[in-house]
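Some notes on the structure that comes next.
There are 2 protein chains.
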Amino acid sequence: MARPKEFDPDEALDKAMHVFWHKGYEATSMEDLLSAMDINRGSLYDTFGDKRALFLKAMDRYCNGMVAQKLTLLNQPGPALDTIRRFIRGMLEMALSDQTRKGCLIANTAMELSPHEKEIGNRVARALGRVEEAYHKVLVRAKQNGELRKEQDPRALARYLTGMMQGVIVMYKAGTPAEAMRDIVETGLSIFD
Amino acid sequence: MARPKEFDPDEALDKAMHVFWHKGYEATSMEDLLSAMDINRGSLYDTFGDKRALFLKAMDRYCNGMVAQKLTLLNQPGPALDTIRRFIRGMLEMALSDQTRKGCLIANTAMELSPHEKEIGNRVARALGRVEEAYHKVLVRAKQNGELRKEQDPRALARYLTGMMQGVIVMYKAGTPAEAMRDIVETGLSIFD
DNA sequence: TCTGTTCTTGACTGATCATTCCAGAACATG
DNA sequence: CATGTTCTGGAATGATCAGTCAAGAACAGA
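Top line first, the protein sequences correspond to chains A and B. Going by the numbering used here, the first residue of the first sequence is number 9, and it counts up by one from there. Going by the numbering used here, the first residue of the second sequence is number 9, and it counts up by one from there.
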């Protein structure tokens, strides 16, 4: 019974997410967000709250969108270890093809805000936990199928893969050449040989 | 032939380094730096230049101090792989004992600034290169001593260790429990078993 | 067409940002 | 003790920051 919004909130949030993803929280100004989202000040504050609230919504969107979608790739049928190898190599190639070097919003946020912002830190931890669980699930299957050695533990391996991929992100943001990046990933995966 | 400084520039730079290390570049204000360094505005600008110049000096101090010192541990005699294991476990325990979760200034800076600031990015890359070289040197010795399998390449392994440790830092900044951190490191090291 | 609600717009606020500048204090040299 | 240089302290700058607000536009329902 009133005037409808002239913009799509999901679309605007998506734009905001990409700005935070690219520049980080502190380095992003409301001006940056406004021009990227192409809406007005009042609309932004009315719809999303303040900068911090908008950032939390952007994180949620990232986790439920980008991350969740990628993790479904780990549910594919076939040999478990092959699925993992394919997944990790795919993530690397995707990263290498991004000229803007945005990396991963979760990793970026972990580094910038986790130690200082408890609520945000909790979300980061939860997101990383979801990643670990996704690896864990495939690795349990690998174990059952006899694809792992006796001393290899799915939980420890899941944590290892989670951590190693975060390292890949750091090296990639640091501008490491593709060849060195592939060395890291292939050597990391050689644990399954 | 004039009034001497009332403060020790090295000491002040060290304080500044710790602030940047703890809070990051953007989140650190000149006020933060002034109060931590316990000097006055004029003195800061006269001695170190502007914020960016101060940050570069802080980075250099970190690389030539903290990092270089740690890397000498990789030059110790004895079995090469044991040296690496000791080094990496030591780094982990050192990190876990830091309640402030500062992490590593190089990794923090890689994530915050490398993609956006070329000059800073170059320093990050150079620092990571030095780390890789330090690993490489020990790994070449390991190879010569027959501590590595035939298919294991010192260069790839050095890159792998460099990257994996960056991942450890991210996970640690994200607040990952010590137990999970040790899983990551021990699984990562199991590549040498 | 009229009414009521919500959205849009842009000016505005006060705080904080990095940086400059200058007056006076402090010291080494003559 | 006098002089010249450098350092100190703090006020002041203009830019930018996040966030507020009021006036008017736009639309849905009556």
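A virtual CB, placed ideally from N, CA and C, is assigned to each residue, including glycine.
Item	Value
Test item: CB-CB of Val178(B) and Ala118(A) under 9 angstroms	yes
Residue-level contact to chain B via CB, Arg109(A), 9 angstroms cutoff	yes
Start and end residues, alpha helix (DSSP H) containing His124(A)	First-last for His124(A): undefined, no H or E at that position.
Backbone CA spacing between Pro185(A) and Thr55(A) [nearest angstrom]	42 angstroms
Val178(B): contacting residues in chain A (beta-carbon distance under 8 angstroms)	Ala115, Ala118, Met119, Gly171, Gln174, Gly175, Ile177, Val178
Cβ of Leu136(A) within 9 angstroms of any chain B Cβ	yes
Simplified DSSP state of Phe15(A), which is helix, strand or coil	coil
Where Asp191(B) meets chain A, residues with beta-carbon distance less than 9 angstroms	Asp161, Arg163, Ala164, Leu165, Ala166, Arg167, Tyr168, Gly171
Chain B contact for Gly183(A) (CB, 9 angstroms cutoff)	yes
Chain A contacts made by the segment 120 to 132 of chain B, where a contact means CB separation under 8 angstroms	Glu120, Ser122, Pro123, His124, Gly129, Val132
Any chain A beta carbon closer than 9 angstroms to Gly32(B)	yes
Closer than 9 angstroms to chain A by CB, Ala188(B)	yes
Test item: CB-CB of Ala164(B) and Asp201(A) under 9 angstroms	no
Identity of the residue in Ala182(B), Gly196(B), Tyr143(B) nearest Asp161(A) by Cα	Gly196(B)
Buried versus exposed call for Arg60(A) [16 or more other C-beta atoms within 10 Å across all chains shown]	exposed
Selected residue, minimal CA-CA separation from Arg11(B), among Gly137(B), Val27(B), Ser51(B)	Ser51(B)
Burial state of Gln107(B) (16 or more Cβ within 10 Å)	exposed
Nearest-angstrom beta carbon gap, Phe95(A) and Leu81(A) [assumed within contact, 8 angstroms]	5 angstroms
Rounded separation between Glu155(A) and Ala166(A) - CA only	15 angstroms
Residues near Lys65(B) by beta carbon distance below 7 angstroms, same chain, minus five either side	Leu21, Phe56
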